[in-house]
Amino acid sequence: MSYKNSILLIGLYFISYCNLSFCQNFPPFKTQGTNFQAITLASFLNELNEKNSTIKVKRLNSDSASAVAKQAGMPHLSPLLTYSKGSIYTQQPYVGYTNPSSNTFGATVTVEGWGKRSAREAYAQAEANRQLAEMVNESRSVETQAIFNYVDALRTKLLWQSYQAAIDQLSLLNTTDSTRYKDEFISSQKVLSNDLKFFSYGLLNYLGEPTQTLPLPVGTLNVPPKSLDVNTLISHAQEKRPDISTNKASIESASANLELVQANRNVDFMPGVYYTETPPYTSSGTGYGSQKSFSFILTVPLGNGFIDNSEVIVASNAVTEHEANLASTKTKIVTEINQTYLQYESAKERLKNANAAFKQVSGQKNNSLAGILKYRDVESELIEARAIHAKTLILLERISGNFDVPSLN
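Under numbering that gives the first Met the number 0, residue 408 is the last one in the sequence shown; the count climbs by one each step, no gaps.
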């Protein structure tokens with residue numbers, strides 16, 4: 000190996016070491032009777048978006064709406080074919096009458112009223128956009144819940160490993176007190192092991208897969224704190240949040256539906272052509288040759304649109320309703336971001352104190368019983384502080400419209 004490559008490897012090792020959550024390497028997680036498979040957060044979210052049943056349903060709804068939109072611009076001709084035979088009498092009108100038994104063929108089509116076709120096409124496209132926005136909104140919501148579950152599982156695993164590190168150190172002391180604390184830690188580990196299984200089953204539920212292998216989160220929860228501006232977060236949220244996009248798409252869909260309802264009040268025309276053929280027949284001794292004739296008919300169904308405008312009122316109210324929802328969502332964004340920002344500032348302060356305490360105890364670390372117990376307590380608080388900080392920061396960024404996959408390493 001060249002000198003240059005050696006320096007590079009040493010540098011990479013130093014960087015990775017500095018990025019560890021703690022100054023020591025945790026012992027590996029192990030359990031009995033349960034199979035775990037390590038999975039990164041990014042890989043888990045990719046699987047979630049492919050396999051989650053809720054997202055699948057929303058995706059199907061979006062695909063269906065898109066398929067409808069592609070065909071919505073086609074004219075609705077509604078062709079009508081008719082055939083009539085006769086007239087046929089049950090008895091002769093008079094002696095010597097012969098039934099002519101004529102055949103009549105007819106065809107009628109619908110010529111839609113002015114603006115119906117374009118309004119229908121516009122509404123179908125707006126509805127497809129709304130379904131797509133709802134799918135994105137739902138997927139982001141499911142992602143956020145799944146990320147929190149992942150962080151909880153990772154926090155539980157790290158606590159288990161912290162206990163294991165302390166147990167390994169206590170085993171070296173081999174005193175009465177160390178044995179008592181070791182037994183307590185083993186008991187706590189069992190609870191944490193069950194908690195980890197609980198959270199892992201929750202992760203599995205998001206994937207909708209019955210399997211004997213549980214997902215095992217990886218990472219250290221060492222998420223660097225950030226300095227954020229509330230006004231910038233609010234401005235970004237009102238442009239990028241999927242629920243804002245959903246509300247806007249709902250307004251556009253409702254407005255297009257109003258235009259469609261109004262256009263549907265326009266009168267349709269139903270022109271038709273009829274062809275009648277009468278075979279030769281004899282009546283009262285007089286013979287008649289075959290006869291052929293054409294006729295034209297125009298039907299204009301008037302409906303109740305001239306006297307009943309309730310559908311227009313309902314459609315108009317739907318637009319107003321979605322506009323009110325959009326205004327409410329914008330107000331909710333301001334409240335949510337301000338509240339979460341306050342929580343994040345508290346989480347940052349707790350993380351700062353936990354880091355300072357851990358740095359201090361690391362510098363004074365010794366292998367005595369008191370030193371081991373003190374180190375584990377401070378280490379446990381650091382894990383909790385980092386978990387709360389990570390969850391609060393992730394929530395703050397996602398409610399602000401930033402949906403990048405967070406790094407938990």
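Ideal placement from N, C-alpha and C gives every residue a C-beta, glycine not left out.
This structure is a prediction, so every number in the text was calculated from the model and none was measured.
Status (buried if at least 16 other CB within 10 Å, exposed otherwise) for residue i
i      : result
Leu341 : exposed
Pro223 : exposed
Lys115 : buried
Ser63  : exposed
Gln168 : buried
Lys390 : buried
Asn352 : exposed
Leu274 : Before going on, a small fix: residue 274 reads as Tyr here, not Leu. Flag for Tyr274 reads exposed.
Phe43  : buried
Ala66  : exposed
Lys84  : exposed
Val56  : exposed
Glu49  : exposed
Lys412 : Residue 412 lies beyond the range of the chain shown here (0 to 408); nothing can be said about it.
Ser399 : buried
Thr339 : buried
Lys189 : exposed
Lys347 : buried
Ala248 : buried
Gln163 : buried
C-beta atoms of residue i and residue j nearer than 9 Å
i      : j      : result
Leu232 : Phe268 : no
Asn263 : Ala118 : yes
Leu203 : Pro216 : no
Asn51  : Tyr82  : no
Thr89  : Pro270 : no
Arg375 : Ser161 : yes
Val272 : Gly105 : yes
Leu220 : Leu407 : yes
Gln237 : Ile332 : yes
Phe28  : Trp159 : yes
Ala132 : Thr245 : yes
Asp242 : Asn128 : no
Ser100 : Pro278 : yes
Ile54  : Val229 : no
Phe318 : Ser254 : The displayed chain sequence assigns Val, not Phe, to residue 318. Yes, the pair counts as a contact, with Cβ atoms nearer than the cut-off.
Gly207 : Asn148 : no
Leu259 : Tyr343 : no
Rounded C-alpha distance that separates residue i from residue j
i      : j      : result
Gln261 : Ala125 : 16 Å
Thr178 : Ala356 : 26 Å
Leu195 : Ala37  : 13 Å
Leu191 : Leu381 : 17 Å
Asn365 : Ile371 : 7 Å
Phe21  : Leu394 : Low confidence applies to Phe21: its pLDDT is 45, below 50, so where it sits in the model is not reliable, and the reading given next is rough at best. Rounded to whole angstroms, Phe21 to Leu394 spans 24 Å at the Cα level.
Ile453 : Ala152 : No answer is possible for residue 453: the residues shown for the chain start at 0 and end at 408.
Met134 : Thr328 : 18 Å
Val404 : Ala41  : 6 Å
Ile166 : Ala323 : 59 Å
Phe184 : Thr33  : 21 Å
Gly218 : Phe198 : 16 Å
Asn401 : Leu79  : 55 Å
Tyr180 : Ser187 : 10 Å
Ala314 : Glu111 : 21 Å
Ser345 : Leu257 : 48 Å
Trp113 : Pro209 : 55 Å
Asn308 : Ser234 : 40 Å
His388 : Leu350 : 7 Å
Asn354 : Ser379 : 11 Å
Ile250 : Lys69  : 21 Å
Gln211 : Thr39  : 19 Å
Asn60  : Ala121 : 18 Å
Glu396 : Ser367 : 43 Å
Ser77  : Glu276 : 25 Å
Leu392 : Arg139 : 16 Å
Tyr205 : Arg154 : 19 Å
Gly288 : Tyr280 : 7 Å
Gly286 : Met73  : 51 Å
Leu325 : Thr143 : 22 Å
Phe293 : His75  : 26 Å
For residue i: DSSP bridge partner residues
i      : result
Met269 : Thr298
Val110 : Phe268
Pro214 : Gln36
Ser83  : Thr103
Ser292 : Thr275
Query raised in the report: Which runs of the alpha helix (DSSP H) spanning at least 4 residues fall entirely within the region 146-212, listed in chain order?
Result: 175-206
**Report entry** Any beta strand (DSSP E) of 3 or more consecutive residues that is wholly inside the region 320-344
**Finding:** none
Query raised in the report: Curious, which full-length alpha helix (DSSP H) runs of at least 4 residues does the region 348-400 contain?
Result: 368-398
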